[in-house]
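Engineer:
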Amino acid sequence: MKSRTFKKTRIATSLSVVLSASTMMPVFAADEVAVDENIEVLQVTGIRGSLIKSMDLKRSSNGIVDAINAEDIGKFPDSNLAESLQRITGVSIDRQNGEGSRVSVRGFGADQNLVMLNNRQMPVTTGSRSFDFANIASEAISAVEVEKTSQAKNSTGGIGATINVLTHRPLSSPGLKATFGVKAVDDQSTDEGSVTPELSGLYSNTFADGKFGISISASYQERESGNQQAQVGTGWRSFPGIVDQDWGGDNAEWGGVPKDDNQINRPGEDDVYAVPQTTVYRFEEQQRTRTNGQLVLQYEPIDSLRATLDYTYMQNDVDTQSHDVSAWFNFVPTQESTWSDGPVSSPLVYSETYPDGGADLSMAAGDYGTRDESGSLGFNLEWDATDNLFLSLDYHTSEAERSPNSPNGSNSNLSTAAFIRTSAATDFTGDVPVLAVGGGNAVRPEDMRVTGSVFGNARNKSEVEQLQINGTYVFEEAGSIDFGIAATDVNNHSQSVNVQRNDWGGVGAEGDFDPSWFPAGSVQDKFDGSQGDFSDYEGSASIDPQDVIFLWDFEAVRARAAELYGSTAVGDCGNGFCPSTDYASDTDRFTQEESQSAYVQYNYEGEWGNMPFDVHFGVRYEKTDVESKSAVSSYDQATWIAETEIALESTTSDNRVFGTQTGSYDYFLPSFNFNIEVVEDVYLRAAYSETIGRPDYTSIQGGTSVGTLANRGGGSGESGNPSLLPLESTNYDFSGEWYYADASYVSVGYFRKDVTNFIDSNPVNSTIYEIPDPSNGVYVAEAIAAGNVTAIDQRQWIYDTYGATDPNVTLNPDNGNIEITGNPGDPSLNFVLTTPSNSSDSSVIDGWEFAVQHFFGESGFGMQANYTLVNAGDSYDNFNLNRPGDDPQNVLTNISDTANVVAIYENYGFSARLAWNWRDEFLNSTGDGTGANPSYTEEYSQVDFNIGYDIAAVEGLTVFFEGLNITEENTRTHGRSYTQVLNYTQTGARYSLGARYTF
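Final position of the sequence shown in the numbering used here is 1008; the numbers increase by one with none missing.
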């Protein structure tokens, strides 16, 4: 049998050897070694060298693979790995505070893509299976491989792709190598931050005639950033057009729109419509400190044996401060709104007036921090046992934890309010919703009173222990066999506890706080997006946009409030204005997932006529057992504490619900890959495989957890399901590739995935605790019959009528608010619970990938471009409200087309890259706290650049300038229609100036 040999340029072959991009074991390792000994090694680095190396890996792979490689030691194309990955066809990213965080591949979200570090499954701190790329620095990374087709020898879990992050190994790059980099970062999104430093370094050397190697890398980064948001933070409430506010009729619901002359173009009875719960302006400042380090020791006592011991450490501290101003719509009868046409109707302007005044204008603040910390200790042994048998053993134990890193907890929110609002109106016709508040711009610091607060602590810990034993046996004339076994144990422990004060009607009195603690800021000049001007409005509410916000001193107000006001909720500090570490009193969940696997794969190379080909087919067996233990709080009482707020309580000390749930599954997963060079440098590929995508860790947790604050529309919560089965996908892939020059190629590919066992998380209505609901009870019906139509009037009437006789109707002595507890006979409080389950439906996802890479001779100019078109079948029906009797909607999320264009220049010591990335609009979720409502992330594009220059006078010294999001694009999400905005977030550009010295 003749061994297959790919034709490579000397540059391409040298890069494969010197930089060791590929971790894929060749079919005929002995032959490859013999060839490699005669190669003239050329040291080639830079942009072009990196792209040649990636192209060479793509061409020589056993399936459809894309990769990104370091341009030089310590120099990855982007400072953030996710930002680099988005340049690959089919890959899109999610950003957090303007930085790449998670990746989706071919329409499958981050949880359905397996991310590995040096071929090892890593723990995560998010409760999901998605790896947060913001936690890892790029300086120690040598390559990232994205395998889009599956082989039996690949670990399972990635339906979209398997992403393998490879770090530097000293024996793969012998000799002394070192680099040191320094960078100054200016993030334009922050209003209060300054220029921040980044430092990185890597030292690698080999000793004893190349038998021993050591590599040490470290990086330190500070970043100060911010964002400005306009939100309908608690979502939109959707109704059939027939729903109104006539409580004497049959169609009234809380949030319904009256059928009166105050509604301009009111939705018809055959339409559907939605109303906003709030309008919020939120401003955040964030400080991040990221520290990474890795130590690698390698020993090769003989040519056939190599041992590697490595330890990787990552820490990411994030501190956040926030201020917001908001108006909560109470759904009073005095609504005056202008509506868009149906069938999905939305308010162009929504307004409410409060003739008696006294509604609240809320201004909240937060100050909190988290720490993500992970460590991984690994050992690898590679042994060429004979000329035909190659064995490897890999073991690692790793853990990751997210924990509170602030005296105020991992999340905190302290609210103040001025009870001066006479009206509230929002214009939704622009990109940015415009809130106008009657009396809002005349607010004074002396008007502000403390209302409710939440100080939360949450921690998530994940531990992974994994053992893999792999082997390859090469037959003399009949190909080779790969085989292996693996055992992986994953433990996830999540705990949370909240100290929540429900004084949303206010405590204390005006003037309790020093006015100097409440400096005023502005709102409207912070947003660049288009805004409406209320020209469509014909009502009586104020249309003066809210422009005053108090950026008040969180610590001063918190400390003074702790001195003045008592609380039944108590944290570690002895009052209600700090978090608690008594995790055993609230939600505590532990999940263990044990997986065992075995595989065998046959590989064969040959020639069909004059066409070299290779074929790989095998089967993998996977068995997984899940056990989840949980302790969650339960509730037996609901108290109506303010116009719209209902507090959940437990009247017994023994309110914990303990449970243990289990699940298990096993699969045989076949795979087949075929590659052929039909003419010189033209390759065709075909692949078939069956793969699984495991549920995220949050979904397989046991127990039901609900928020302790509900409203008149009910409460919300979530429940896990440890017996969930993974997604099952049958995959078909075809690809054609033409490598027509040393650094140039064009490719086109088609993929299809037939997916079953989809995990639905559509919200369902439940009266889980059977708690009487006082806001919709007998007393409310009597109050309405007596002519009281607003919540304020109803509560006052109930107190006046029953306060002296019913102990469940009281006046809170701390804040003077009326509190009404539900009585037997009241209807049960409804909860919208999100509970995952496997769907019996199946879906087909298919698409096309187009890519071209071209360099214009030796001019130094080049370009990359790619486009991915994805089709996911049925789209979401915005007219379907998912009410009882409606057809269920099992629609895929995170599916969208993507495109990239990159212009490149590299010559005479000068290098430059200008990149444009685009992602089309996509459905990101099908439910929120208000019910089964969709959320769409709108079309987004971003332009980045980097420029570098090698200083000729100092060999190895490069200076560079980088820019991200230089056109300062913003993100926006909306609901059933464009005007149902959910979030508009504005960040900014980020620029870096730095230098790197390599020797």
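Virtual Cβ for every residue (Gly too), placed ideally from N, Cα, C.
With which residues is Leu-736 paired in a DSSP beta bridge?
Structural biologist: Gly-702
Engineer: Can you tell me which of the three DSSP states Pro-679 falls into?
Structural biologist: strand
Engineer: Take Ala-747 as the anchor and find which of Ala-656, Tyr-692 and Asn-128 has the nearest alpha-carbon.
Structural biologist: Rather than Ala, the amino acid found at residue 747 in this sequence is Trp. Of the listed residues, the one whose Cα sits closest to Trp-747 is Tyr-692.
Engineer: Would you identify the three-state DSSP class for Arg-892, choosing helix, strand or coil?
Structural biologist: coil
Engineer: Run the CB neighbour count on Ala-161, radius 10 Å, all protein chains shown included, and call it buried at 16 or more, exposed below.
Structural biologist: buried
Engineer: With a threshold of 8 Å, are at least 3 pairs of Cβ atoms found where one atom belongs to the segment 342-355 and the other to the segment 810-818?
Structural biologist: no
Engineer: If Val-194 sits next to Val-204, beta carbons under 8 Å apart, how far is it from one beta carbon to the other, in whole angstroms?
Structural biologist: 7 Å
Engineer: Three Cβ pairs or more, each shorter than 8 Å: is that satisfied between the segment 110-119 and the segment 161-181?
Structural biologist: yes
Engineer: Specify, as a first and last residue, the run of the beta strand (DSSP E) that Thr-597 falls within.
Structural biologist: Sequence inspection shows Asp at residue 597; the Thr mentioned does not correspond to that position. Per DSSP, Asp-597 belongs to the beta strand (DSSP E) from 596-617.
Engineer: Pick out whichever of Thr-844, Lys-268 and Glu-699 has its Cα sitting closest to the Cα of Ser-714.
Structural biologist: Thr-844
Engineer: Determine the DSSP secondary structure at Trp-806, reduced to helix, strand or coil.
Structural biologist: DSSP, reduced to helix, strand and coil, places Trp-806 within a helical segment of the structure shown.
Engineer: Using DSSP with H/G/I as helix, E/B as strand and the rest coil, what is Asn-420?
Structural biologist: strand
Engineer: Along the chain, where does the alpha helix (DSSP H) that runs through Glu-92 open and close?
Structural biologist: 90-94
Engineer: Assuming Gln-121 contacts Leu-736 (C-beta within less than 8 Å), just tell me the rounded distance between them.
Structural biologist: 7 Å
Engineer: Just to confirm the assignment, what range does the alpha helix (DSSP H) spanning Leu-66 have?
Structural biologist: 55-69
Engineer: Taking Arg-567 as part of the alpha helix (DSSP H), name the residues at either end of that continuous run.
Structural biologist: 563-573
Engineer: List in chain order: all unbroken alpha helix (DSSP H) runs of 4+ residues lying wholly within the segment 299-324.
Structural biologist: none
Engineer: Starting from the Cα of Gln-330, find the closest Cα among Thr-287, Ser-775, Arg-299 and Glu-564 and give me that residue.
Structural biologist: Glu-564
Engineer: Please confirm whether Ser-63 and Ala-76 have their CB atoms less than 8 Å apart.
Structural biologist: yes
Engineer: State the Cα-Cα distance for the pair Arg-129 and Glu-971, rounded to the nearest angstrom.
Structural biologist: 32 Å
Engineer: Is the distance from the Cβ of Ile-650 to the Cβ of Gly-514 below 8 Å?
Structural biologist: yes
Engineer: Just the C-alpha distance for Glu-614 and Ile-478, rounded to the nearest angstrom, thanks.
Structural biologist: 25 Å
Engineer: Compute the Euclidean distance between the alpha carbons of Asp-141 and Ser-234, then round it to the nearest angstrom.
Structural biologist: 18 Å
Engineer: Determine the burial state of Ile-960: buried for a count of at least 16 other Cβ atoms within 10 Å of its Cβ, exposed for fewer.
Structural biologist: exposed
Engineer: With distances taken between CB atoms, is the gap from Asp-906 to Gln-898 smaller than 8 Å?
Structural biologist: no
Engineer: Is the segment 333-344 touching the segment 266-285 in the sense that three or more CB pairs, one from each, lie closer than 8 Å?
Structural biologist: yes
Engineer: Please name the residue or residues paired with Asp-491 in a DSSP beta bridge.
Structural biologist: Thr-481 and Gln-610
Engineer: Report the three-state DSSP secondary structure of Glu-41 (helix, strand or coil).
Structural biologist: At Glu-41 the pLDDT is 36, less than 50, meaning the model places this residue with poor confidence and gives no usable figure here.
Engineer: Look up Lys-157 in the DSSP assignment and say whether it is helix, strand or coil.
Structural biologist: coil
Engineer: Can you have a look at Trp-617 and say buried or exposed, based on whether 16 or more other CB atoms are within 10 angstroms of its CB?
Structural biologist: exposed
Engineer: Judging by CA-CA distance, which residue of Glu-108, Ile-913, Ser-639 and Gly-258 is the nearest neighbour of Thr-669?
Structural biologist: Ser-639
Engineer: Whole angstroms is fine: what's the gap from Ala-149's alpha carbon to Glu-930's?
Structural biologist: 34 Å
Engineer: Counting C-beta neighbours from all protein chains within 10 Å, is the total for Ile-311 16 or more, i.e. buried, or is it exposed?
Structural biologist: exposed
Engineer: Can you look up Pro-229 in the DSSP assignment and give me helix, strand or coil?
Structural biologist: Checking the displayed sequence, the identity of residue 229 turns out to be Tyr instead of Pro. Tyr-229: strand per DSSP, three-state reduction.
Engineer: Can you look up Ala-921 in the DSSP assignment and give me helix, strand or coil?
Structural biologist: strand
Engineer: Can we say the segment 485-497 touches the segment 574-585, given the rule of at least three CB pairs closer than 8 Å?
Structural biologist: Judged by Cβ distances under 8 Å, the segment 485-497 makes no contact with the segment 574-585, as fewer than three pairs qualify.
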